[in-house]
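Enquirer:
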C-alpha cells in the first residue's frame, strides 16, 4: 500500500491532514522534536490526536528526532513509555542512542530513521534495518535512480519527501544555525541562516556576481514539487510519500494533501495521472518559493535556487499597464483571475515589494467581484509602482476558503460508510448491528423489551430516521436492513440510545486494531541508568593518560609531513579533500609509511557522504586499507560504517558527522564495534566532561581549525560561475578562492571536494589553544586539529604550538593571556565549548 504522509504542527493541521486524505501523519510533542517552534502537542493533546487519527484509520508517527543530552535521558525514557502507551504507531529518530534506548525500553514500538540521519545509500538502509529500524527516510539528495535501486535492495520500508521546503545542506550535517546563533538544527531550533542574503566574494573581497543576473539569497532553494513524478516514486517502490511542513498553516496542509491524494489515487486506479492544471496552480498558490525537483533527476545548479526571494512568492497574475499617482490607482493586465479579498504584491524595481488587499476593483469602469484572465483590472495601491512591474497573488481568498472547509467545519468530510441491520421482535430487545467498509463491527441492544404496538408500529421509515442520525460521528449510513417481526413498539429514545452505543462499539472496534501489548518488561530506575550511562561495559583500556594526545586531520602528503614533523601523535588522512585533488592508492601507502617511520599512529578516513555511484570506489579503498592495516578506519555515515566492518578487521573510529552527543550513543557504537569516536562539535566542556567520565572507549574532540558548517550537493560556485545548470560545469572553483559574505560582513570560506560537493566553513577559525590543558583534566583522550583548509606551513606551526602546550601543560608560558593574544589572530572562535547550543 502506498502511504501519503502529512505534516502536522497543530490540532487544525491534524484535522486538515486527515480530512483531506492523509494515510498517516507525523507530529511532535513538546519534547525532542526537530520543529521546536511549531505549536506541537502537550501530552494530553498527543493522546487525543492519536485517538482522533486512529478512529479514522490514520497512522500517527511521533518525531523524537533531535540529539539528546545526557541530562534529558531519563525524561526521554518516560516520554518513550508514554508514546507507547497512548498508541503512537512509530517514532522518528535521529540519535542512534535514542534508537538503541527505545529498542530496549519499548521494544514493540517501531522506529523510523529520520532524514536527519543522512541516510543516502543502500548500505546505510540495510544496516539500519538490521539493527531494528522499520523504515528509513532517505536524504533529499538521493536521485530517483538511486531510490529505485535502494528500494530493490532492502526489506525496509522507504519513505521519501515529495513536496515542501528543502535544506541546502544535507539534513543532520548542518552546524550553521548553531554556530552563528546557538540555535542548533540538530536540537530542533534551526534559525534558517540559509534563507538570509549572501554575496559570493573572491580573495579580494570583490562580489564576483555583481554583474550577474541573480538575487542575493544564494543558499535558499526553491520548494520541492514532485506532483509530475508520482508515477516514478510508485514504480520505484517508495512506501511512504512525505510532505514537508510542520511549521506550515493548516490551509497549506489541506491543499497539498488533497492534491497529492488525487494524484496518487488516479495513478493507482488508471496507471495514469489525472491532475488538472488548476490543481497544480493551487499547489503554487498555497505556498511556493518557486518549485524544483531538486536532485531527483540530476544537479540543477542555479535553477534549483530561489535566490531572489527566500519566502512565499505567490503566483504571477500579470503586469502593471497603468499607474495613476494622484489617485493611487493601478491597472493590471491579468494572466490569471483576481477576486475580492485576494492579496497581491508588486515586484517593484526600486524598493522591494508593494502589497495591496483587494477591497474594490473595476473592469471597464464597473465594480466587479471577479476579474478574469485577459482583462484589465484597476485597484487601489498605497505605494508607488511602475509600468511593467510584475504582480503576484500571494493570498487567494477562494482557495483559502476551500482549504478551511477541510478543518473549520462542524462535521466530518472524510466519512466511513456503515451498513446497519436492525432487528425487532415482540418480547425481545431491539438490536442494532453496524459494519463498516473495513470490516469492523459494532452492536447494541435496547434496554426496553419490545411490546405490541397499539397505534404506530415500528416500520422501516421510522427506524431509518433514527439510525441515519450520524452527523456528529465519522460515519454515514450505507445500506439499512430492518427485520421487524409483527407490529411492535420501541420508544424512539431507546432506539437513539442503542444507535449511540452501537456507534461507540464500532469506534472501539476500529481503535482496537491499534492496541499493543502492555509493557511486560518495565525496567527499574537502576536498569535505565545502566542502559544510558553504563561505564566499563565493554573491554577497553583504562583511562590512565594524564594528557590528551594530538591528532591532525589532513588531505595531502605535504600536510602529513608537516604534522608528523611538528609533534602530532596521530594522523587522520583521507576522506574529502579541499585541494581539488583525489587521494590515490600511492598517497595512502605513503602516508602510512611516513607515520610508521615516525613511530606515530594513523587513521585512514572514508568520505562523510557516499552516494551509490561512489560505493565501488569506497570498497576499493577499504580493500586497500585492509592491506595497509592502519591503526583505525574513520567512518562518518552508517553506510560506510557497515561496509568497513564487513570488509576489514581494522578497528573503526566514529567521526563527528555521526552526531555523537551522549553516552547512550557511545554505548551503542561500542556494542557495534566502534573503538573510538569524535564528539559532536555542538557540545560544551561541562557536557564533554560528563560524557568522558562515563565512556569506555576513546574520546576525541576537535580543538582547532575551520569547521564545516554545511555540506551540500549544490555548489554556489559552479552554479553561478561554472554554468552547472547547463549540465557541464567549467570548474570555476579551481580558478580562485571564494567566500560567502553575510549581512554582517562575516565571510564564510566556500570549498569544494573531489566529489564536487560544496562545503561552507565557519567564518572564524576554532581555537582552543589557551584551554588545551582542560581537555586533559576532563578526560578527553585526544584533541584534533582540522587541517584540510590550512596550508602545510601554517598547519605545521599550529601543530607545534599544540604539541608544546600539551607537553608543558598549564605552566607553558604561551598560556599567559598577552602571549596568546599575539599568536591567535582576531577571527577565532571558542566554538560551543563555553556555551553549548539550545
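In the working numbering, the protein residues as written are 409 to 1246.
Where a beta carbon is used, it is the ideal one built from N, C-alpha and C, also for glycine.
In this text the structure is predicted, and so the values were computed from the model without any measurement.
Could you spell out the range, first to last residue, of the alpha helix (DSSP H) harbouring residue 876?
Expert: No alpha helix (DSSP H) holds residue 876; DSSP gives it neither H nor E.
Enquirer: Could you spell out the range, first to last residue, of the alpha helix (DSSP H) harbouring residue 462?
Expert: 451-463
Enquirer: Along the alpha helix (DSSP H) that carries residue 530, what are the first and last residues, could you check?
Expert: 530-538
Enquirer: Our contact map puts residue 661 next to residue 424 with C-beta atoms below 8 Å; I'd like the distance itself, whole angstroms only.
Expert: 4 Å
Enquirer: Three-state secondary structure (DSSP) at residue 952?
Expert: The pLDDT assigned to residue 952 is 46, lower than 50, so where the model puts this residue is not dependable; a value taken from the coordinates is nonetheless given after this. Coil.
Enquirer: For residue 950, count neighbouring C-beta atoms within 10 Å of its own C-beta (all shown protein chains included) and say buried if the count is 16 or more, exposed if not.
Expert: In this predicted model, residue 950 has a pLDDT of only 44, less than 50, meaning its place in the structure is not dependable enough to derive any value.
Enquirer: Just to confirm, are residue 543 and residue 573 a CB contact at a threshold of 9 Å?
Expert: no
Enquirer: Can residue 432 and residue 414 be called in contact, C-beta distance under 9 Å?
Expert: yes
Enquirer: At the level of alpha carbons, what is the spacing between residue 731 and residue 797?
Expert: 10 Å
Enquirer: Is it a yes or a no for the stretch 536-550 touching the stretch 1081-1091, going by three-plus beta-carbon pairs under 8 Å?
Expert: no
Enquirer: Which of helix, strand or coil does DSSP assign to residue 946?
Expert: Confidence in residue 946 is poor, its pLDDT being 39 and thus under 50, which makes the residue's placement unreliable; the coordinate value appears in the next sentence. Of the three classes helix, strand and coil, the one that applies to residue 946 here is coil, per DSSP.
Enquirer: Can the beta-carbon of residue 811 be found less than 9 Å from the beta-carbon of residue 658?
Expert: yes
Enquirer: Which residues mark the beginning and the end of the beta strand (DSSP E) in which residue 1013 is found?
Expert: Residue 1013 -> beta strand (DSSP E) spans 1009-1013.
Enquirer: According to the Cβ coordinates, are residue 1167 and residue 1116 closer than 9 Å?
Expert: yes
Enquirer: Suppose you measure from the CA of residue 754 to the CA of residue 762; what does that come to, to the nearest Å?
Expert: 5 Å
Enquirer: Please say whether residue 875 and residue 840 have beta carbons closer to each other than 9 Å?
Expert: Cβ distance < 9 Å, so residue 840 and residue 875 count as in contact.
Enquirer: Can you check whether the CB of residue 565 is closer than 9 Å to the CB of residue 821?
Expert: no
Enquirer: If I follow the unbroken alpha helix (DSSP H) through residue 559, where does it start and stop?
Expert: 552-560
Enquirer: Mind checking whether residue 769 and residue 787 have CB atoms under 9 Å apart?
Expert: At a Cβ-Cβ threshold of 9 Å, residue 769 and residue 787 count as neighbours.
Enquirer: Tell me, to the nearest whole angstrom, how far the beta carbon of residue 547 is from that of residue 526; I am working on the premise that it is less than 8 Å.
Expert: Yes, they are in contact, since the Cβ atoms of residue 547 and residue 526 sit about 6 Å apart, within 8 Å.
Enquirer: Candidates 1052, 538 and 601: which alpha carbon is nearest residue 1151's?
Expert: Of the residues 1052, 538 and 601, the one whose Cα lies closest to the Cα of residue 1151 is 601.
Enquirer: Can you grab the Cα-Cα spacing for the pair residue 972 / residue 449, in whole Å?
Expert: Distance from the CA atom of residue 972 to the CA atom of residue 449, rounded to whole angstroms, is 54 Å.
Enquirer: Tell me the start and end of each unbroken alpha helix (DSSP H) in the stretch 820-897 that is at least 4 residues and wholly inside, in chain order.
Expert: 868-875
Enquirer: Taking C-alpha atoms, which residue in 1187, 446, 997 and 1021 lies nearest to residue 597?
Expert: 446
Enquirer: Go to residue 678, then tell me how far its alpha helix (DSSP H) extends in each direction, as first and last residue.
Expert: 658-678
Enquirer: Residue range of the alpha helix (DSSP H) that residue 967 falls in?
Expert: 965-972
Enquirer: When you compare each of 492, 695, 1212 and 1112 to residue 1191 by their alpha carbons, which one comes out closest?
Expert: 1112
Enquirer: Across the stretch 497-504 and the stretch 1070-1083, are there enough close Cβ pairs to call them in contact, namely three or more that are closer than 8 Å?
Expert: With the cut-off at 8 Å, the stretch 497-504 and the stretch 1070-1083 touch.
Enquirer: Threshold first: 3 residues or longer. Then list the beta strand (DSSP E) segments lying entirely within the stretch 752-785, N to C.
Expert: 761-765
Enquirer: Starting from residue 1147, trace the beta strand (DSSP E) both ways and give me its first and last residue.
Expert: Run containing residue 1147: 1146-1149, per the beta strand (DSSP E) assignment.
Enquirer: What ranges does the beta strand (DSSP E) occupy inside the stretch 1186-1225, keeping only unbroken runs of at least 3 residues that lie completely in it?
Expert: DSSP runs (the beta strand (DSSP E)) wholly in the stretch 1186-1225: 1190-1194.
Enquirer: For the beta strand (DSSP E) that contains residue 961, what are its first and last residues?
Expert: 957-962
Enquirer: Are the CB atoms of residue 1158 and residue 1017 nearer to each other than 9 Å?
Expert: no
Enquirer: How should residue 633 be labelled, buried or exposed, when 16 other C-beta atoms within 10 angstroms of its C-beta is the threshold for buried?
Expert: buried
Enquirer: Whole angstroms is fine: what's the gap from residue 723's alpha carbon to residue 963's?
Expert: 47 Å
Enquirer: Evaluate the contact criterion for the stretch 672-680 versus the stretch 470-488: three or more CB pairs, one atom per stretch, below 8 Å.
Expert: no
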